[in-house]
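Asker: Going down the list, the protein sequences come from chains F and V.
Start counting the first sequence at 146; every next residue gets the next number (the working numbering).
Start counting the second sequence at 146; every next residue gets the next number (the working numbering).
Protein chains: 2
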Amino acid sequence: MGVTIKDIAKAADVSYSTVSKALRDSPLVKEPTKQKIIEIAHQLGYQPNVAARSLVSKKSHTIGVVWPTIERVTHSALVTGLNKRLEELSYTTLISINEMECAINTFNRYQVDAIVAFDEKNSREPANSTVPIVTYGIAHKDAPFPTVDVNRKQAIRTAVEHLINIGHQSISYIGDMVQEDHLQEEKVEGFRQAITEAELGLSSTSIMEVTDLESYDGYEAMKKLLKEPDHPTAIISGSHDLSKGILRAIHENGLSIPDDISIISYDNIPATETFEVPLSTVGVPLDIITEKLSEVLIALINEEEVNHSIYLKPELNITQSCATLNGGK
Amino acid sequence: MGVTIKDIAKAADVSYSTVSKALRDSPLVKEPTKQKIIEIAHQLGYQPNVAARSLVSKKSHTIGVVWPTIERVTHSALVTGLNKRLEELSYTTLISINEMECAINTFNRYQVDAIVAFDEKNSREPANSTVPIVTYGIAHKDAPFPTVDVNRKQAIRTAVEHLINIGHQSISYIGDMVQEDHLQEEKVEGFRQAITEAELGLSSTSIMEVTDLESYDGYEAMKKLLKEPDHPTAIISGSHDLSKGILRAIHENGLSIPDDISIISYDNIPATETFEVPLSTVGVPLDIITEKLSEVLIALINEEEVNHSIYLKPELNITQSCATLNGGK
DNA sequence: TTGAAAGCGGTACCAT
DNA sequence: ATGGTACCGCTTTCAA
Chain F
146 MGVTIKDIAK AADVSYSTVS KALRDSPLVK EPTKQKIIEI AHQLGYQPNV
196 AARSLVSKKS HTIGVVWPTI ERVTHSALVT GLNKRLEELS YTTLISINEM
246 ECAINTFNRY QVDAIVAFDE KNSREPANST VPIVTYGIAH KDAPFPTVDV
296 NRKQAIRTAV EHLINIGHQS ISYIGDMVQE DHLQEEKVEG FRQAITEAEL
346 GLSSTSIMEV TDLESYDGYE AMKKLLKEPD HPTAIISGSH DLSKGILRAI
396 HENGLSIPDD ISIISYDNIP ATETFEVPLS TVGVPLDIIT EKLSEVLIAL
446 INEEEVNHSI YLKPELNITQ SCATLNGGK
Chain V
146 MGVTIKDIAK AADVSYSTVS KALRDSPLVK EPTKQKIIEI AHQLGYQPNV
196 AARSLVSKKS HTIGVVWPTI ERVTHSALVT GLNKRLEELS YTTLISINEM
246 ECAINTFNRY QVDAIVAFDE KNSREPANST VPIVTYGIAH KDAPFPTVDV
296 NRKQAIRTAV EHLINIGHQS ISYIGDMVQE DHLQEEKVEG FRQAITEAEL
346 GLSSTSIMEV TDLESYDGYE AMKKLLKEPD HPTAIISGSH DLSKGILRAI
396 HENGLSIPDD ISIISYDNIP ATETFEVPLS TVGVPLDIIT EKLSEVLIAL
446 INEEEVNHSI YLKPELNITQ SCATLNGGK
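(1) For A343(F), I'd like the list of residues in its chain whose CB is within less than 7 Å of its CB, leaving aside the five on either flank, ordered along the chain.
(2) Just mark N194(V) as buried or exposed, buried being the case when its beta carbon has 16 or more other beta carbons within 10 Å.
(3) Let me know if G383(V) comes out buried or exposed under the rule of 16 or more other beta-carbons within 10 Å of its beta-carbon.
(4) DSSP on T149(V), reduced to helix/strand/coil?
(5) Give me whichever residues DSSP pairs with I446(V) in a beta bridge.
(6) For V333(V), I'd like the list of residues in its chain whose CB is within less than 7 Å of its CB, leaving aside the five on either flank, ordered along the chain.
(7) Do the segment 292-305 of chain F and the segment 445-463 of chain F make contact, defined as three or more Cβ pairs closer than 8 Å?
(8) Check the Cβ of R254(V) against every Cβ in chain F and list those closer than 7 Å, keeping chain order.
(9) With 7 Å as the C-beta to C-beta threshold (strictly closer), list the residues of the segment 150-181 of chain F near chain V in chain order.
(10) Have a look at the DSSP bridge pairing and note the partners of P312(F).
(11) Please determine if the segment 184-199 of chain F and the segment 421-441 of chain F are in contact, where contact requires at least 3 C-beta pairs separated by less than 8 Å.
(12) Output, in sequence order along the chain, the residues in the segment 378-393 of chain V whose CB is closer than 8 Å to any CB in chain F.
(13) Measuring straight from C-alpha to C-alpha, what distance separates I311(V) and D412(V)?
(14) When the cut-off is 8 Å and only beta carbons count, does G147(V) lie next to chain F?
(15) For G209(V), tell me which candidate among L227(V), S202(V) and A197(V) has the shortest Cα-Cα distance.
(16) With H, G and I counted as helix, E and B as strand and the rest as coil, what does DSSP make of N462(F)?
(17) Determine whether the beta carbon atoms of L239(V) and V224(V) lie at a separation below 8 Å.
(18) Considering Cα atoms alone, identify which of R297(V), E246(V), D357(V) and A339(V) is closest to E325(V).
(19) Taking 8 Å as the threshold (C-beta atoms), are A259(F) and L438(F) in contact?
(20) Starting from I182(V), trace the alpha helix (DSSP H) in both directions and tell me its first and last residue.
(21) Who are the neighbours of N250(F) on chain V, taking C-beta pairs under 8 Å?
(22) Tell whether a beta-carbon distance below 8 Å holds between P291(F) and H453(F).
(23) Which residues, in order along the segment 394-409 of chain F, keep a beta-carbon less than 9 Å from a beta-carbon of chain V?
(24) When you compare each of L387(F), H376(F), T378(F) and S348(F) to E354(F) by their alpha carbons, which one comes out closest?
(25) For I240(V), return the contacting residues in chain F, with the cut-off set at a CB-CB distance below 8 Å.
(26) Assuming contact is defined by CB atoms lying nearer than 8 Å, are A197(V) and K179(V) in contact in what I supplied?
(27) Is DSSP giving D326(F) helix, strand or coil here?
(28) State the Cα-Cα distance for the pair R254(F) and I433(F), rounded to the nearest angstrom.
(29) Based on DSSP bridge pairs, tell me the residues matched to G124(F).
(30) Of the residues K155(F), S360(F), Q314(F) and H220(F), which one's Cα is nearest the Cα of S348(F)?
(31) Using a Cβ-Cβ cutoff of less than 7 Å, which residues in the same chain neighbour K151(F) once the five nearest sequence positions on both sides are dropped?
(32) Distance cutoff 8 Å, beta carbons only. Does N228(V) sit that close to anything in chain F?
(33) First and last residue of the alpha helix (DSSP H) that includes E233(F)?
(34) Using the three-state DSSP reduction, which class does S348(V) fall into: helix, strand or coil?
(35) Taking the beta strand (DSSP E) that L358(V) falls in, what are its first and last residues?
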């Protein structure tokens, strides 16, 4: 069995309440005593028992992450980043890959201090949790919990506006989901708004449907697009993975980026450098998302008020994948 | 705060120790009483406090999964499967994406009953855990813990033998890691053994190095291979991701599978159907791995003896990606 | 069959 | 500055 504070107390020849104080760095313990106790605790390989601690303090200093779709890698970089940030704030992260409701039950039993949910499915149930929950990227509107998310509509609008600015008149968006998906609809809506509001009008635009957001879906959509007699001069892709497939289709058709086609990809994943052509992207940088998420979490734990919906502002990151056409500035 | 057994006791007008027994389905409580208590507990939405329970019972009915490399998707399907299996056994799964040592410390504090480690890095430290640990796919030999793993050497041997059987005389293996990686070396070793032992000898063989196991690395290696005047008639790929890139390089060269080149991919991922050509694979089916892992976990928890190293037998799954050549059977 | 009570490993308050 | 002790919610004897 593990070492307890009583063992340490015996070894240090003090009472165990003093040990408790010393280990919590209380000012009520004289410095030399504290040092001695900490030293002994370390020697004995003491690990505080979370069960005992959270039983009395009602706090576990643990954040639960609900992430039922680990097989879709969209969020893995985000989870990694969040974990790191929370560690800095001396919180422990626990991940559950169960469905929202089941995961929340588990976390409630574990007395986590707060929960982040990355559920991509449409679990609309306002599962009853005894601890605060914040959601990210939930695939439907009107989430019953506070939400930190990317302003996807604005992201796509920004991308369209940039392309128009540099002279593009024929732009396609790839990423309209066949089945209902609020997150994707937001992006499509952004595309529609931007082209409607374009002052000079555009010569042609199109929106390509995909059945999923995998690389292959992007490949298919792009191939279809390239079968048409005139292909657009610029593509906006709805996701990192779609972009992979889009690039491949373009490549296979003997076209080159950006000479024949410009492309901007929606995403907030750092790893776009694995592409042959470093891609222009529009999205919120990862560390801004993790920073905001943890900020909200801590606020919720401290029972401070938080905005129900926080939409982060996407940033445009233009690389050589975009060409300026005649008439562009 | 949450509902406790005392609340239930009050509502049911019994002592709280009776409630405890009833909820644990003890035979020491009369059936009607038990039913009443369970009913009330349900009505009140009672969730047992894990902290309190595990504090006294020293058991948490929780398995910790150490998985520091979530961004490499290799194990995601496996983790999902394991989670499901453990749930059936009424264990809760908790995932930590911290480094082995840190994760183990966390889990020790949480009093998990056992730990599965999927560390792919070379953390050789025999981190001192108070609970049993079983490892899978650890990137070095002589793990200080019991291990369940795939017999990778045998997997590749099986693949080579099959290719020889169906008439191939010129075979390449793609997947020798530039930096040290025990798991990959095992496979290369399997390849070497198989070609050494081939009765009739082979006309030519080669082993291609890769810097990583990403799709792109496979692409590069295959391209290099295809620059040679004579390309092999069959390829064995060291991983699912490598295969992706290999397929692409073959495709780009205007070659077709299996007419020009046959291919077998090592892997134990179910999702090979996303490829244009359904790939022949050699590996251990996912559910066999999860079954074995959970079996070992439970055995370790019950303090039964387990073999230090358990190597699962890979299965060959041949599809249309392999062509029979003249002289093959 | 049920209830009372000890104690798991801590925290925090009160006394000393 | 330190020690004593009640108690967090639950399990598990032991008594009734």
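Ideal Cβ positions, reconstructed from N, Cα and C, are used throughout, including at glycine.
Answerer: Quick answer:
(1) Along the first sequence, one-based indexing puts residue 343(F) at 198. Counting only Cβ-Cβ distances below 7 Å, and skipping sequence neighbours, we find I309.
(2) Here residue 194(V) refers to the residue found at position 49 when the second sequence is read from its first residue. Classification for N194(V): buried.
(3) The sequence position of residue 383(V) within the second sequence is 238, counting from 1. The residue is buried, with at least 16 neighbouring Cβ atoms inside 10 Å.
(4) Residue mapping note: residue 149(V) aligns to position 4 of the second sequence, counting from 1. Coil, per DSSP.
(5) Position 301 of the second sequence holds residue 446(V). DSSP, once it has assigned bridges, lists no residue as partnering I446(V).
(6) Here residue 333(V) is taken as the residue at index 188 of the second sequence, counted from 1. Excluding residues within five positions, the ones whose Cβ falls inside 7 Å are Y318, D321 and I352.
(7) Segment contact: the segment 292-305 of chain F against the segment 445-463 of chain F, three or more CB-CB distances shorter than 8 Å; contact assigned.
(8) By 1-based counting over the second sequence, the position of residue 254(V) is 109. Q192, P193, N194 and V195, listed in chain order.
(9) When C-beta distances to chain V are compared with 7 Å, every residue of the segment 150-181 of chain F stays at or above that value.
(10) Mapped onto the first sequence, residue 312(F) falls at position 167. For clarity, residue 312(F) is Gly in the given sequence; the question names Pro instead. Paired residue(s): none; G312(F) is not in a bridge.
(11) Not touching, per the Cβ criterion.
(12) When CB distances to chain F are screened at a threshold of 8 Å, the residues of the segment 378-393 of chain V falling below it are R393, in chain order.
(13) In the second sequence, counting from the first residue as 1, residue 311(V) sits at position 166. In the second sequence, counting from the first residue as 1, residue 412(V) sits at position 267. If I take the Cα positions, the gap works out to 21 Å.
(14) Indexing the second sequence from 1 puts residue 147(V) at position 2. Cβ-Cβ to chain F under 8 Å: yes for G147(V).
(15) Stepping through the second sequence from its first residue, residue 209(V) is reached at position 64. With distances taken between Cα atoms, G209(V) lies closest to L227(V).
(16) The residue labelled residue 462(F) in the question sits at position 317 within the first sequence. The three-state reading of DSSP puts N462(F) in strand, counting E and B together.
(17) Position 94 of the second sequence, counted from the start, is the residue given in the question as residue 239(V). Position 79 of the second sequence, counted from the start, is the residue given in the question as residue 224(V). Result no, Cβ atoms of L239(V) and V224(V) do not sit closer than 8 Å.
(18) Your numbering for residue 325(V) matches position 180 in the second sequence. The residue with the shortest Cα to Cα distance from E325(V) is D357(V).
(19) Here residue 438(F) is taken as the residue at index 293 of the first sequence, counted from 1. Here residue 259(F) is taken as the residue at index 114 of the first sequence, counted from 1. Not closer than 8 Å, so no.
(20) Numbered from 1 along the second sequence, position 37 holds the residue referred to as residue 182(V). For I182(V), the enclosing alpha helix (DSSP H) covers residues E176 to Q188.
(21) Reading the first sequence from its first residue, position 105 is the one you call residue 250(F). Residues of chain V whose Cβ lies closer than 8 Å to the Cβ of N250(F) are, in chain order, Q192.
(22) Counting from one through the first sequence, the residue named residue 291(F) turns up at place 146. Counting from one through the first sequence, the residue named residue 453(F) turns up at place 308. It is a contact, given that the beta carbons lie within the stated cut-off.
(23) Listed in sequence order: H396 and E397.
(24) Here residue 354(F) refers to the residue found at position 209 of the first sequence. A check of alpha carbon separations from E354(F) across L387(F), H376(F), T378(F) and S348(F) identifies L387(F) as the nearest.
(25) In the second sequence, residue 240(V) corresponds to position 95, counting from 1. Using a Cβ-Cβ cut-off of 8 Å, I240(V) is close to L239, I240, S241 and I242 of chain F, given in chain order.
(26) The residue you call residue 197(V) lines up with position 52 of the second sequence. The residue you call residue 179(V) lines up with position 34 of the second sequence. Going by C-beta atoms, A197(V) is not nearer than 8 Å to K179(V).
(27) Taking the first residue of the first sequence as position 1, residue 326(F) is located at position 181. Coil.
(28) The count along the first sequence starts at 1 and reaches residue 254(F) at position 109. The count along the first sequence starts at 1 and reaches residue 433(F) at position 288. Roughly 31 Å separates the two Cα atoms.
(29) In this structure chain F extends from 146 to 474, so residue 124(F) is not present and cannot be described.
(30) Sequence index remark: in the first sequence, residue 348(F) carries index 203 (1-based). The option with the nearest alpha carbon to S348(F) is Q314(F).
(31) Taking the first sequence and counting its residues from 1, one reaches residue 151(F) at position 6. Listed in chain order, the non-local C-beta contacts of K151(F) below 7 Å within the same chain comprise Y161, local neighbours out to five positions each way being set aside.
(32) Locating residue 228(V) in the second sequence gives position 83, counting from the first residue. Yes, its Cβ sits closer than 8 Å to a Cβ of chain F.
(33) The residue given as residue 233(F) occupies position 88 in the first sequence. For E233(F), the enclosing alpha helix (DSSP H) starts and ends at S221 to E233.
(34) Here residue 348(V) corresponds to residue number 203 of the second sequence, with the count starting at 1. S348(V) falls in the coil class under three-state DSSP.
(35) Start at 1 with the first residue of the second sequence, and residue 358(V) comes out as number 213. L358(V) -> no beta strand (DSSP E), and no H or E assigned at all.
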